[in-house]
Amino acid sequence: MWTAPDSPLAGQWAATQQPNDWFDAAFHDAPVAYVPPPAQGDDDRLLRLRLIRSRRVGPATYLRLLSEHGSAAAALEALPQVAAAAGVEKYEVCPEAVVQAELRAAARVGARMICLGDPDYPATLAEISDAPPVIWAVGRVGLMARACVALVGTRNASSLGARMTRKLAAELGEAGFTVVSGLARGIDTIAHTGSLETGTVAVVAGGVDVVYPTENTEVTAKIAAEGLLLSEQPLGLHPQARHFPRRNRIVSGIAQGVIVVEAAARSGSLITARCAADQGREVMAVPGHPMDSRASGANILLRDGATLIRGADDVIEALGIPPQPLNSASAMVRDFQHPAPAPERPDGGWEARILSHLGPSPVPEDQIIRDLGATPREMAQALAVLEMSGRVTRTAGGMISAS
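Add 4 to a position in the sequence shown, counting from 1, and you land on the number used in the numbering used here.
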């Protein structure tokens, strides 16, 4: 079971030394078109981690210092003078003991450090202007090398929103895409669970060893074992409000496109969509009922030009990326675990006629009986077959819908 160890010194240092965040506290703008070389061994990785963990050093300052001084060691040596020139007195770089504590915490949970410029650093993420200089990864790093699609949305998902998310996650996974999300409750968690077998990446706002929200302890453990956990934050850091927008830019940065399933007019999902637009990613949205506040954000995106999504085929068409179906061995395993539904009866059978009248929106069972002229006995028998094969879903109040 995935458990969070005691917060190490690295998390405490980050919480106390960077209270203003690097978005408005960095010393420099990023240099144009500069990509650092791959890290040269463990010593260089330690120095790069010290550099990005130093106060008021964010992606822009990190890149500027490396480009001007040629190495992390030289950049650390020059940093106090840079700070003094910016009017910051008695500046100290991040102590080596803090970074050593973070490295020990990473070793305890099997986290791997990937530096910007390393071969395993995701190419799409490296393209964005504020790419994180260092990311921590737990799990299958190779999932980031596949075409990725982000699925995000409200924490208070409707039954239709949850069903649509599961469907998209499963279909995109079967088409060979890695599904990315932020491991929040609601749509994010459903997206991860729906794509766990085919490949999912969870970008977290705190350290990769911190479970948030705590109700996601079990799914976090599964993602660590079968998918990929990712964060730029120090291990042991518990997320605060200012960390979530930073997390969102990574979610969109890894992906070729972002799909908003359900989101209020003011929500973090719209921040992710704005990040995607700024990064040149495809912004997509699932339409919802105008009177449902959970759909207002997605509907606003559609009004403003986002691509309307009805299923995975729409996503594939919008991205222009041909599907890469999973290998047959994996498909055989999934088919064994999830048997195919029973075939429909020939045209005229009650099962086929019921399915032709159902959609994703639940309708009363007695309405279907009246529309089709079926007897209650015929309806009960046909619905039992459809429900057992997973073709229809029953909800409270005698409502049924197509699965």
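Beta carbons: idealized from backbone N, C-alpha and C, even for Gly.
Under DSSP, L233 shares a beta bridge with V142 and A206. Note on geometry: alpha-carbon atoms of Q85 and S58 lie some 14 Å from one another. P137 sits away from C152, with the two beta carbons spaced by 8 Å or more. It is roughly 12 Å from the alpha-carbon of A209 to the alpha-carbon of I139. Contact check between the region 154-162 and the region 264-282: three or more CB pairs, one atom from each, fall below 8 Å, which counts as touching. C98 sits in coil when the DSSP states are folded into three classes, being neither helix nor strand. Looking at the backbone, the Cα of L51 and that of L234 are separated by about 21 Å. Under a 10 Å Cβ-count criterion, P63 is classified as buried, with 16 or more other Cβ atoms of the shown protein chains found around its own Cβ. One thing to note: L274 has its Cβ no nearer than 8 Å to the Cβ of V205. Along the region 71-129, the alpha helix (DSSP H) occurs as fully enclosed runs of 4 or more residues at 76-89 and 100-113, listed in sequence order. Distances from the alpha-carbon of H293 to those of T379, L83, A302 and C279 put A302 closest. A straight-line Cα-Cα distance of about 22 Å links A173 and E391. Taking C-beta atoms under 8 Å as the contact rule, P380 and S405 fail to qualify, at a distance of about 19 Å. In terms of Cβ geometry, A277 and V287 form a close pair [threshold 8 Å]. Counting every other CB atom within 10 Å of its CB across the protein chains shown gives E355 a total of 16 or more, marking it as buried. When Cβ pairs closer than 8 Å are counted between the two stretches, the region 235-242 is seen to touch the region 107-118, the count reaching three or more. Taking all protein chains shown into account, Y125 has 16 or more neighbouring C-beta atoms within 10 Å of its C-beta and is therefore buried.
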